[in-house]
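Novice: Please find one structure pasted underneath; my questions will follow.
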Amino acid sequence: MVPPDGPPEPSPRIGRGAAVAATILSGWLYSRCFPTASVQPLAWVALVPFLVVVGASSRSRAAGLGWLVMLVLAYGVNDWFPRAVSTYYLQPAIVGVGFFLGVTTFTAAPATILIALRYRRAAAAASPWLPLTAAAAWVGGELLRTRVLGDPWVLFGYSQVGIDPVVQVADLAGVYGVSFVLVTVNVAIAETLRAAASGRQRPTRAAAGLGIAAVVVVVALGYGALRLRALDRETLETSRTVAVVQANLDLGSQWQQSFYGRNLDRYLRLTVDQLARGDADLVVWPESANTFFLDDEPAYRRAIASVLRPSGAQLVTGGPSIDAGHPPVYWNSAFLVAPVGDVVGRYDKRWLLP
-17 MVPPDGPPEP
-7 SPRIGRGAAV
3 AATILSGWLY
13 SRCFPTASVQ
23 PLAWVALVPF
33 LVVVGASSRS
43 RAAGLGWLVM
53 LVLAYGVNDW
63 FPRAVSTYYL
73 QPAIVGVGFF
83 LGVTTFTAAP
93 ATILIALRYR
103 RAAAAASPWL
113 PLTAAAAWVG
123 GELLRTRVLG
133 DPWVLFGYSQ
143 VGIDPVVQVA
153 DLAGVYGVSF
163 VLVTVNVAIA
173 ETLRAAASGR
183 QRPTRAAAGL
193 GIAAVVVVVA
203 LGYGALRLRA
213 LDRETLETSR
223 TVAVVQANLD
233 LGSQWQQSFY
243 GRNLDRYLRL
253 TVDQLARGDA
263 DLVVWPESAN
273 TFFLDDEPAY
283 RRAIASVLRP
293 SGAQLVTGGP
303 SIDAGHPPVY
313 WNSAFLVAPV
323 GDVVGRYDKR
333 WLLP
């Protein structure tokens, strides 16, 4: 049966240069949603140029554009990456660039390539449900990146951190739920533009797609508003002071036996200096601050307590932990330490970067 709007018509051809330019624009807009630019509203339209050109591309071009958009957005957010690699390993700048290209190509780009190919195929049918199916494909790509390829950096939903009604849906579906909402809107806008530009006779389907996206946004915002209203207002409005301490230490030394526990003195001194400027409710040390097994070192915990106790602050710090067994199991963990030096909470990292 032919739909009332008529059969799908071919999309107008888009030149290679225009397709590349639109993809670069999308990657750049995506990166601007994150710190330090943090123009968060851009997330609602950032993917539109990329989606428009992918929907009118050949299979090979769509795959290339999927690789390119990830390359641009990854560099836009992590432009420090090539410099950090070359500086840390004392190598020429080209080594850092090559490492960045390799990491991006093999741990992040496969997801966007698959998404581009899936979107290109689905866009030809011009279904009003495309915003939902494409958003599901995008979330599937993010899950692939995170759970299989080990690259959870700059997932789309993270761009909305701090926008309370939007991000509240994360308590149901994690960051992927926020990504789903954002991509639904981007796809609906892209399909409307593609339909208008090509003059195809399917305005009803484009309008239906926009309507579906609007429903998704209203439901997400409504859920967020209701959840926030249900929380204790006094709890939400109570402020806490957090002190973040970062020492400039060689990460390469943390696994050498001769450096066991050596970083602790540096962090304790920095924490004393920080707390002297004003009390804090919580002190945060980095993921790799501890070069020792905190659970097994009561003397080190007493040293930490001597710094925390006067202010009553708790400490979140990272380091290795071990579960006894045959063989023993080692973890990269985060610890919550009470002012008296007791470890009152521990989280073991489940998904490690390559």
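Be aware that the sequence shown starts at -17, since it is given in the working numbering, and climbs by one per residue.
All residues carry an ideal CB built from backbone N, CA and C; glycine is no exception.
I'd like to know whether the C-beta of residue 48 is nearer than 8 Å to at least one C-beta of chain B.
Specialist: You won't find chain B in this structure, because it holds only one protein chain.
Novice: Where in the segment 248 to 289 do unbroken runs of the alpha helix (DSSP H), each at least 4 residues long, occur, reported from the N-terminal end onward?
Specialist: Considered as a whole, the segment 248 to 289 harbours no complete run of any alpha helix (DSSP H) with no fewer than 4 residues.
Novice: Among the residues of its own chain, which have a CB less than 6 Å from the CB of residue 330, if the five just before and after it don't count?
Specialist: Position 348 of the sequence shown, counted from the start, is the residue given in the question as residue 330. 313 and 315.
Novice: To the nearest angstrom, how far is the alpha carbon of residue 249 from that of residue 266?
Specialist: Numbered from its first residue, the sequence shown carries residue 249 at position 267. Numbered from its first residue, the sequence shown carries residue 266 at position 284. Rounded to the nearest angstrom, the two C-alpha atoms are 10 Å apart.
Novice: Rounded to a whole number of angstroms, what is the C-alpha to C-alpha distance between residue 34 and residue 297?
Specialist: Looking up residue 34 in the sequence shown gives position 52. Looking up residue 297 in the sequence shown gives position 315. Roughly 48 Å between the two C-alpha positions.
Novice: On the three-state DSSP scale, how would you describe residue 158?
Specialist: In the sequence shown, counting from the first residue as 1, residue 158 sits at position 176. Helix at residue 158.
Novice: When DSSP builds the beta bridges, which residues end up paired with residue 327?
Specialist: Taking the sequence shown and counting its residues from 1, the one referred to as residue 327 is at position 345. DSSP lists 318 as partners of residue 327.
Novice: So, with DSSP's three-state summary, where would you put residue 299?
Specialist: As a position in the sequence shown, residue 299 is number 317, starting the count at 1. Reduced to three states, the DSSP call for residue 299 is strand.
Novice: May I have a chain-ordered list of the alpha helix (DSSP H) segments no shorter than 4 residues that lie completely inside the segment -5 to 82?
Specialist: -2 to 14, 30 to 36, 41 to 59 and 62 to 70
Novice: When the Cα atoms are used, what is the spatial distance from residue 321 to residue 144?
Specialist: Position 339 of the sequence shown, counting from 1, holds the residue named residue 321. Position 162 of the sequence shown, counting from 1, holds the residue named residue 144. Between residue 321 and residue 144, the C-alpha separation is close to 29 Å.
Novice: Could you pull the start and end residues of the alpha helix (DSSP H) that residue 121 belongs to?
Specialist: For this step, residue 121 is matched to residue 139 along the sequence shown. Residues 112 to 125.
Novice: If you compare alpha carbons, which of 89, 114 and 263 is closest to residue 100?
Specialist: As a position in the sequence shown, residue 100 is number 118, starting the count at 1. The residue with the shortest Cα to Cα distance from residue 100 is 114.
Novice: Could you spell out where the alpha helix (DSSP H) holding residue 136 opens and where it closes?
Specialist: As a first step, residue 136 is located in the sequence shown; it is residue number 154 there, counting from the start. No alpha helix (DSSP H) holds residue 136; DSSP gives it neither H nor E.
Novice: In whole angstroms, what is the alpha-carbon distance linking residue 4 and residue -3?
Specialist: Taking the first residue of the sequence shown as position 1, residue 4 is located at position 22. Taking the first residue of the sequence shown as position 1, residue -3 is located at position 15. Cα-Cα distance, rounded: 11 Å.
Novice: Taking 8 Å as the threshold, find out whether the segment 118 to 127 comes into contact with the segment 57 to 75 through three or more Cβ pairs.
Specialist: no
Novice: Less than 8 Å between the CB atoms is what I'm expecting for residue 116 and residue 160, so what's the real figure, rounded?
Specialist: Reading the sequence shown from its first residue, position 134 is the one you call residue 116. Reading the sequence shown from its first residue, position 178 is the one you call residue 160. Wrong, their Cβ atoms sit about 16 Å apart, outside the cutoff.
Novice: What residues match up with residue 313 in a beta bridge as DSSP calls it?
Specialist: If you number the sequence shown from 1, residue 313 lands on position 331. Residue 313 is bridged to 303.
Novice: Please classify residue 120 as buried or exposed, where buried requires at least 16 neighbouring CB atoms within 10 angstroms.
Specialist: Walking along the sequence shown from the start, residue 120 turns up at place 138. Its Cβ being crowded by 16 or more others within 10 Å, residue 120 is buried.
Novice: Apart from the five residues just before and just after residue 335, which ones in its own chain have a Cβ nearer than 6 Å to its Cβ?
Specialist: Locating residue 335 in the sequence shown gives position 353, where the first residue counts as 1. Around residue 335: 132.
Novice: By Cβ distance, which residues of its chain are closer than 7 Å to residue 151, with the 5 residues on each side in sequence left out?
Specialist: Your numbering for residue 151 matches position 169 in the sequence shown. Cβ within range, chain order: 159, 160, 163, 202, 205 and 206.
Novice: Around the C-beta of residue 286, are 16 or more other C-beta atoms found within 10 angstroms, so that it is buried, or is it exposed?
Specialist: Taking the sequence shown and counting its residues from 1, the one referred to as residue 286 is at position 304. So residue 286 ends up on the buried side.
Novice: What separation, rounded to the nearest whole angstrom, lies between the Cα atoms of residue 220 and residue 263?
Specialist: As a first step, residue 220 is located in the sequence shown; it is residue number 238 there, counting from the start. As a first step, residue 263 is located in the sequence shown; it is residue number 281 there, counting from the start. For residue 220 and residue 263, the distance between alpha carbons rounds to 12 Å.
Novice: Grouping DSSP H, G and I as helix and E and B as strand, with all else coil, what is residue 227?
Specialist: For the purposes of this step, residue 227 is identified with residue 245 of the sequence shown, where counting begins at 1. Note: residue 227 maps to coil in three-state DSSP.
Novice: Could you tell me whether the segment 82 to 96 touches the segment 38 to 56, using the rule of 3 or more Cβ pairs below 8 Å?
Specialist: yes
Novice: Would you mind stating whether residue 67 and residue 84 have Cβ atoms separated by less than 8 Å?
Specialist: Here residue 67 corresponds to residue number 85 of the sequence shown, with the count starting at 1. Here residue 84 corresponds to residue number 102 of the sequence shown, with the count starting at 1. Pairing residue 67 with residue 84 gives a Cβ-Cβ distance that is not under 8 Å.
Novice: Under 8 Å, do residue 283 and residue 327 count as touching if we go by C-beta distance?
Specialist: Here residue 283 is taken as the residue at index 301 of the sequence shown, counted from 1. Here residue 327 is taken as the residue at index 345 of the sequence shown, counted from 1. No, Cβ-Cβ distance for residue 283 and residue 327 is not below 8 Å.
Novice: Excluding sequence positions up to five away, which residues of its chain have a Cβ less than 6 Å from the Cβ of residue 135?
Specialist: Along the sequence shown, one-based indexing puts residue 135 at 153. The same chain holds no residue with a CB closer than 6 Å to that of residue 135 once the five nearest residues on each side in sequence are set aside.
Novice: Which one of 280, 25 and 273 has the shortest CA to CA distance from residue 148?
Specialist: In the sequence shown, counting from the first residue as 1, residue 148 sits at position 166. Answer by Cα proximity: 25.
Novice: Going along the chain, which residues of its own chain have a beta-carbon closer than 6 Å to the beta-carbon of residue 188, five neighbours each way excluded?
Specialist: On the sequence shown, position 206 is the one that residue 188 refers to. Same-chain partners within the cutoff: 173, 174 and 177.
Novice: Considering just the uninterrupted stretch of the alpha helix (DSSP H) at residue 94, what are its terminal residues?
Specialist: As a working mapping, residue 94 is identified with position 112 in the sequence shown. 91 to 105 is the span of the alpha helix (DSSP H), which, as asked, contains residue 94.
Novice: Below 7 Å CB to CB, which residues in the same chain sit around residue 157 once its five sequence neighbours on both sides are set aside?
Specialist: The residue given as residue 157 occupies position 175 in the sequence shown. Hits under 7 Å: 137, 139 and 140.
Novice: Grab me the residues of residue 10's own chain with a C-beta within less than 8 Å of its C-beta, minus the 5 sequence neighbours each way, in chain order.
Specialist: Stepping through the sequence shown from its first residue, residue 10 is reached at position 28. Only 54, 55 and 58 meet the Cβ criterion.
Novice: Roughly how many whole angstroms lie between the Cα atoms of residue 247 and residue -1?
Specialist: Position 265 of the sequence shown holds residue 247. Position 17 of the sequence shown holds residue -1. Computed Cα separation, rounded: 56 Å.
Novice: Using three-state DSSP, classify residue 334 as helix, strand or coil.
Specialist: Walking along the sequence shown from the start, residue 334 turns up at place 352. Note: residue 334 maps to coil in three-state DSSP.
Novice: Here's the rule I'm using: 16 or more other beta-carbon atoms within 10 Å means buried, otherwise exposed. How should residue 210 be labelled?
Specialist: The sequence position of residue 210 within the sequence shown is 228, counting from 1. Per the 10 Å Cβ criterion, exposed.
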